[in-house]
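Q:
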Amino acid sequence: MSQREWIEKDFYKELGVSSSASAEEIKKAYRKLARDNHPDANPGNAKAEEKFKAVSEANAVLTDPAKRKEYDEARRLFASGGFGRQGAGGFSPGAGGFGGGGQTFDVGDIFGQGGGDGGIGDLFGGLFNRGGTQQRTASSRPRRGSDVETETTLGFREATQGVTVPLRLTSPSSCTTCHGSGAKPGTSPRVCPKCNGAGVINRNQGAFGFSEPCDDCRGTGSIIDDPCADCRGTGVQNRTRTITVRVPPGVSDGQKIRLAGQGEAGLRGAPSGDLFVTVRVRADKVFGRDGDNLTVTVPVSYGELVLGTTLSVPTLDGRVGVKVPPGTVDGRVLRVRGRGVPKKTGTPGDLMVTVKVAVPQKLDDPATEALNAYLEAEKASGFDPRAGWAGA
Ligand SMILES: [Zn+2]
Ligand SMILES: [Zn+2]
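No gaps in the numbering here: position 152 of the sequence shown is 140 in the working numbering, and each next residue is one more.
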């Protein structure tokens, strides 16, 4: 999950508490919402499941004092406008198109290669990444699923014009039998009585307060009396799924596409991770890419450059006539506006046409004769190709 996305979420609002709410208030709000929206209490209710996941995520951050502090800090900085806010759209999977074997997802974000993603990721890079010191020792705690990376190779024209590709993924997903709760269908996990659902036990020894993971629930805050047989209580199953990804026009080799929520399933109702797809683009026989511009090299004769001509040049969706003015030098680049790489929004790139003289390797007698006559006439008219050349 990108830090930006996390920061844009309002965990307080999700739980219906103020940002100055006490730990006790947060715990209370979470417990009520989790109970009301639990998948077992709302079978087949996707909205409730969504809410259940959202409040679990909010709870996981806000009940961890260190995480809450960092979250508050990050939001404060973010709200102060220090960072360019990028379009928040595209987070939800494309509506419609559901059914059958796969689902179609619109791409949430495209990241450039390298560090193009800008400030937030860099500044808060250490904030919520997995595997760091933030990692809870209790692995069975509700925990957001890991991000998953995969790769897909597209043809040049597919990549420039946009394409819909199927991706086969085998990854841990939310268990379909228990909806990720880990409890046998018909039963629910109950709130751990020892820790009251907090997952941690606070001990006071003299002047010092300690927190440690609760033994009874192994830090999860809930106890599963009847584990789901299909996932053995983890809420996660290995599944192979095919998802259809709509790749927008204009992706280039090495770019990453993010599909929010399509990564590894979260543990025990926590949100899923994201899926990152690295796009590889095969080379094309005719076109090259220079950013949003499409490049093409057209062979021409010397005579065409001298006298000028109109070339028929291929484009992504047909052909275009390109005027070569008289006296055009070899290697000149002619620009055809708007016929380059299409873009999801905004103006498309340009088509950059390079003219390159093709020199005949063999001429028949009449052509040789004519060329000799021409060279003489050219000389007589005063043209010397090496006039003014420093090497003369
Ligand atoms: Zn299960
Ligand atoms: Zn407990």
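All residues carry an ideal CB built from backbone N, CA and C; glycine is no exception.
Remember, it's a predicted structure, so these values are computed and weren't measured experimentally.
#1: By Cβ distance below 7 Å, which residues in the same chain neighbour T297 in space, the five residues on each side in sequence not counted?
#2: Going by DSSP, name the residue or residues bridged to L157.
#3: When the Cα atoms are used, what is the spatial distance from E357 to L363?
#4: When you compare the CB positions of Q250 and I231, do they come within less than 8 Å of one another, or not?
#5: CA-CA distance, S6 and V43?
#6: Does the segment 200 to 217 come within contact of the segment 54 to 64, defined as at least 3 CB pairs closer than 8 Å?
#7: Can you find a CB in chain C that lies within less than 8 Å of the CB of D353?
#8: By Cβ distance, which residues of its chain are closer than 6 Å to G276, with the 5 residues on each side in sequence left out?
#9: Closer than 8 Å is the cut-off here; do at least three beta carbon pairs connect the segment 284 to 294 with the segment 148 to 168?
#10: In angstroms with no decimal places, state the Cα-to-Cα distance between G89 and S8.
#11: Under 7 Å from any heavy atom of ligand 1, does the C-beta of C205 make it?
#12: The alpha helix (DSSP H) spanning R19 covers which residue range?
#13: I'd like to confirm something about G187: is its beta-carbon nearer than 7 Å to some heavy atom of ligand 2, or not?
#14: Could you check the C-alpha separation between A36 and D(-2) for me, to the nearest Å?
#15: Evaluate N226 with the Cβ neighbour count: other Cβ atoms within 10 Å of its Cβ, from every protein chain shown; 16 or more gives buried, anything less gives exposed.
#16: State the Cα-Cα distance for the pair G72 and D24, rounded to the nearest angstrom.
#17: Could I get the ranges of all uninterrupted beta strand (DSSP E) runs contained in the segment 347 to 373, with 3 residues as the minimum, in chain order?
#18: Identify every residue that forms a DSSP beta bridge with V343.
#19: Quick one: Cα of A17 to Cα of A62, how far?
#20: Going by beta carbon distance, what residues of the same chain come within less than 6 Å of R307, once the five residues before and after it are set aside?
#21: Quick one: Cα of T141 to Cα of E366, how far?
#22: Can you name, in chain order, every residue of its own chain whose Cβ lies under 6 Å from the Cβ of D318, other than the five neighbours on each side?
#23: Would you kindly work out how many angstroms separate the C-alpha atoms of L50 and G334, rounded to a whole number?
#24: Is it true that the segment 260 to 279 meets the segment 176 to 184, where meeting means three or more beta-carbon pairs spaced less than 8 Å apart?
#25: In terms of residue numbering, what span does the beta strand (DSSP E) encompassing K1 cover?
#26: Report yes if the C-beta distance between A258 and A48 is below 8 Å; otherwise report no.
#27: How far does the alpha helix (DSSP H) with R399 in it reach, from first residue to last?
#28: Go ahead and pull the three-state DSSP assignment for A186.
#29: With a threshold of 6 Å on Cβ separation, who are the neighbours of V265 within its own chain once the five nearest residues in sequence on each side are excluded?
#30: Hey, E252 and V151: beta-carbon distance below 8 Å or not?
#31: Along the alpha helix (DSSP H) that carries S199, what are the first and last residues, could you check?
#32: Could you have a look at S260 and say whether DSSP puts it in helix, strand or coil?
#33: For E2 versus A29, is the C-beta distance shorter than 8 Å?
#34: Report yes if the C-beta of D214 is less than 7 Å from at least one heavy atom of ligand 1; otherwise report no.
#35: Given a threshold of 16 other Cβ atoms within 10 Å of its Cβ, counted over all protein chains shown, does R323 qualify as buried or as exposed?
A: Let me spell this out:
#1: Result list for T297: V312, in chain order.
#2: Its beta-bridge partners are R229.
#3: The straight-line gap from Cα to Cα measures roughly 10 Å.
#4: Yes.
#5: Near 14 Å, if we compare the C-alpha coordinates of V43 and S6.
#6: The segment 200 to 217, when compared against the segment 54 to 64, does not touch it at the 8 Å Cβ threshold.
#7: Absent here is chain C; the protein component of the structure consists of one chain.
#8: The answer, listed in chain order, is T283.
#9: Between the segment 284 to 294 and the segment 148 to 168, the count of Cβ pairs shorter than 8 Å is below three; the stretches do not touch.
#10: Because the pLDDT of G89 is 35, which lies under 50, any placement of that residue in the model is unreliable, and the number read from its coordinates should be weighed accordingly. Rounded to the nearest angstrom, the gap between the Cα atoms of G89 and S8 is 46 Å.
#11: Because no heavy atom of ligand 1 lies under 7 Å away, the Cβ of C205 does not count as near it: no.
#12: R19 -> alpha helix (DSSP H) spans A11 to D24.
#13: If you check the C-beta of G187 against ligand 2, you find a heavy atom less than 7 Å away.
#14: Between A36 and D(-2), the C-alpha separation is close to 18 Å.
#15: By the 16-neighbour rule on beta-carbons within 10 angstroms, N226 is exposed.
#16: Note that G72 has pLDDT 32, beneath the 50 cutoff, so the model's placement of it is unreliable and the number below is only indicative. C-alpha separation (whole angstroms): 37 Å.
#17: Those beta strand (DSSP E) runs which fall completely within the segment 347 to 373 and span 3+ residues do not exist here.
#18: V343 has V286 as its beta-bridge partners, per DSSP.
#19: When rounded, the distance between both Cα atoms is 23 Å.
#20: Contacts found: S300.
#21: Cα-Cα distance, rounded: 53 Å.
#22: Within the same chain, D318 has close Cβ partners V345.
#23: Distance between the alpha carbons of L50 and G334 is about 40 Å.
#24: These segments do not touch.
#25: Unbroken run through K1 is the alpha helix (DSSP H), F(-1) to L3; no beta strand (DSSP E).
#26: A48 sits close to A258, with the two beta carbons spaced by under 8 Å.
#27: The requested residue 399 does not occur in the structure, where the chain is confined to residues -11 to 380.
#28: A186: coil per DSSP, three-state reduction.
#29: The residues are T138, T140 and I245.
#30: Remark: C-beta atoms of E252 and V151 do not approach each other more closely than 8 Å.
#31: Segment F196 to P201 is the beta strand (DSSP E) holding S199; no alpha helix (DSSP H) there.
#32: Coil, per DSSP.
#33: Taking 8 Å as the Cβ cut-off, E2 and A29 do not qualify as a contacting pair.
#34: No, ligand 1 has no heavy atom inside 7 Å of this Cβ.
#35: Exposed is the call here.
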